[in-house]
Each structure stands twice: as structure tokens, then as C-alpha cells.
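Per my numbering, the sequence shown starts with residue 107, numbered consecutively. Even glycine gets a Cβ: it sits at the ideal position worked out from N, Cα and C.
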Amino acid sequence: LVSFVALRTNMIAAALLYAAGALVCATAPSMPVFLAGRLVEGLGGGALVSLAFVSVERLFPRNIWPQLFGIISAIWGVAAFSGPMLGAIMVDFLSWRWAFGVFTFGGAAMALASFAVLGTPQAKRPQAGAGPTPAFPFLALGCLAVSVVLIAAAGVDIALLRSSLLILLGLAGLALFFRVDALKPRSRLFPSQLFSWNSALGSGMTMVAAFSVATCTFAIYGPLLLTTLHGIPILT
107 LVSFVALRTN MIAAALLYAA GALVCATAPS MPVFLAGRLV EGLGGGALVS LAFVSVERLF
167 PRNIWPQLFG IISAIWGVAA FSGPMLGAIM VDFLSWRWAF GVFTFGGAAM ALASFAVLGT
227 PQAKRPQAGA GPTPAFPFLA LGCLAVSVVL IAAAGVDIAL LRSSLLILLG LAGLALFFRV
287 DALKPRSRLF PSQLFSWNSA LGSGMTMVAA FSVATCTFAI YGPLLLTTLH GIPILT
């Protein structure tokens, strides 16, 4: 996107999108509205994460990239440990809505900070790489979006045949996404050998993906099971 729209504009738009999604979640009167808010919040949050890495590449000299990427990774680690505790405190002493409401203010603050800080010429104008501007990867992103929707739909109304078919179609769409992405080197979203065990990158990505699959289920459903089945306080 920074090849077509200025980095600062992208950051502000992503932060406002994140704030708007959090506000919808915090005030949602029903589950469909809440899920719509989560969708908007996820789009904004995902954009902010990716733009953080783009900002490092566009605004800072190469010799300090490792330190900056290390700081970004450290922030992820701090969030992973402190986020659940802060969320539990809000649920215990305030309301679950505040677990989303505070991010409305955080997103707005991020938008203001982006406007104030990203004032350099590199951040205020689009910056394409060397050569012609790559085409926006509509096809690859479309395949990814369809695969995510299909896999998510498999769990809405669970039936063995229907859910299995949707999961298989979703996995096929995901495989097609990686294939289409690999065929577009200038607009590629992922490295060419993303899950190849013959490379350090592929081995590392495979390990990260395996850890995510192994831990995400408990991270999502573990607190619910502990609180509803065993009566353990959420803060514990």
C-alpha cells in the first residue's frame, strides 16, 4: 500500500480503523455487531503491525534494523504476558467492554502520534521500489480472504459433511493463495520458500506455525473452560 498511498496516511487510517472497530466491540448490543467490530479492529490492527515493519525499512538506516526489529518483537512478548492479566483486571473490576474500550483511546492516540511524528518526506509521499510499481495483489488476497471465510464458516453450524467440505475448500484456497503469491515476485507477500525445510527461513516458519497451531486452541478456549467448568476466577 505504501507504493500507492503515503506511509503516514496509511498509519493514520489503520489506527482510526482499529479504534473504530474497538469502539464497535465495546458498545455492541449483539454478537453479530460484535463480530463485525472485531473484523474492523482486526483489519486495522493487522495493518498497524505490518506498517510497523515497513516503517523500519523506509525510515531508518539498514545498520540499526536488527535492533528495531528486536524492539518490535520485545513488544509482542510484553503484550503476550501483560495483555491477559490487564484484560482479566478489567473484566473483574469494570466490564468486559472496557477490555475493548481502552483500545479506542489507544487507536486514536496512535493516529495522532502518526500525524505528529511521521512528518518526513519519506513518510508523507508514496514510495515505490526500484522499477515499475508492482500491481496490487488482488487475486492473492482474494484467495486468502475466501479461504479464511470458508474455514470460519465450517464452525458456525457444525455438521460433519458440510464442515469437512468447507475446511477442505478453505485449505485448498489457502494453498492457491501461496501458489499465486509465489508467481508474483514483485508483489509477493511471503518469501518464495516459506515452508521449505531445506532453508533456515522455511524451518523457522514451520516451527512458528506448528507452535501457533499447538497453543492457539488453549489460549482461546482455556480461560473459558477454566472459568465455566471449574469456577476459577478470571483474574487467577
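At least 8 Å separates the beta-carbon of L149 from that of L165. Looking from the CA of F175, the closest CA among S156, F187 and M191 belongs to S156. Annotation: I338 to F199 spans about 16 Å, alpha carbon to alpha carbon. Around the beta-carbon of V130, 16 or more other beta-carbon atoms lie within 10 Å, marking it buried. Per the C-alpha coordinates, the member of E147, M137, F140 and V160 positioned closest to V111 is V160.
The same chain holds no residue with a CB closer than 8 Å to that of S188 once the five nearest residues on each side in sequence are set aside. Residue state for R203 is assigned as coil, using DSSP reduced to three classes. The residue among M191, I178, F221 and A134 with its C-alpha nearest the C-alpha of M117 is F221. Contact annotation: A128 and G193 have beta-carbon atoms that are not nearer than 8 Å. Straight-line spacing of the CA atoms in I326 and S302 works out to 29 Å. With distances taken between CA atoms, A260 lies nearest to L271 out of L250, A251 and L271.
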